[in-house]
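S.K.: The working numbering numbers the first residue of the sequence shown as 27 and each following residue consecutively.
Dumping the structure here so I can ask a few things about it.
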Amino acid sequence: AADDLAPAKADQADALQSLTEELMAARKEVELQKQELTEAKAAQKDAEQQADALRHASEGLAAQQELLQQAAEDKAKAQQEADLLKKSLADQALQLDSAQPAAEIEAVHRDAQLKVDEA
Numbered sequence: 027a028a029d030d031l032a033p034a035k036a037d038q039a040d041a042l043q044s045l046t047e048e049l050m051a052a053r054k055e056v057e058l059q060k061q062e063l064t065e066a067k068a069a070q071k072d073a074e075q076q077a078d079a080l081r082h083a084s085e086g087l088a089a090q091q092e093l094l095q096q097a098a099e100d101k102a103k104a105q106q107e108a109d110l111l112k113k114s115l116a117d118q119a120l121q122l123d124s125a126q127p128a129a130e131i132e133a134v135h136r137d138a139q140l141k142v143d144e145a
């Protein structure tokens with residue numbers, strides 16, 4: 027009877043050995059999956075940090091764009107004011123040029139009047 031059980035015991039031992047190997051392989055697979063999950067979480071965290079950095083950079087660029095736009099508008103206003111000032115100065119210069127001969131005529135007239143008065 028013991029001889030009859032020997033093949034069954036050998037089959038059970040082989041089956042147990044096979045199940046043990048499958049269990050060890052499954053444990054290794056679970057460990058690999060845990061490691062992959064940990065790496066994926068780290069990669070996701072890095073991606074979120076990069077997205078935040080890009081968002082901040084984008085906001086900074088938008089602020090710089092606004093500043094550049096404001097500077098361009100200020101420059102245009104300053105140019106308009108400078109153009110108006112140049113025109114005003116040119117008008118004043120023309121008035122002075124036209125007033126100068128009149129002043130010279132007045133001076134000659136005064137000189138003539140003084141001479142008349144003295145005589």
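Backbone N, C-alpha and C fix where the C-beta goes; we use that ideal spot for every residue, glycine too.
Just so it is clear, the structure is predicted and the values come from calculations on it, not from any experiment.
What separation, rounded to the nearest whole angstrom, lies between the Cα atoms of residue 30 and residue 65?
M.R.: Distance between the alpha carbons of residue 30 and residue 65 is about 53 Å.
S.K.: Given this structure, state the Cα-to-Cα distance separating residue 45 from residue 59, to the nearest angstrom.
M.R.: Rounded to the nearest angstrom, the two C-alpha atoms are 21 Å apart.
S.K.: Would you say residue 104 touches the ligand ADP, meaning its beta carbon is less than 8 Å from a heavy atom?
M.R.: This structure lacks the ligand ADP, and indeed carries no ligand of any kind.
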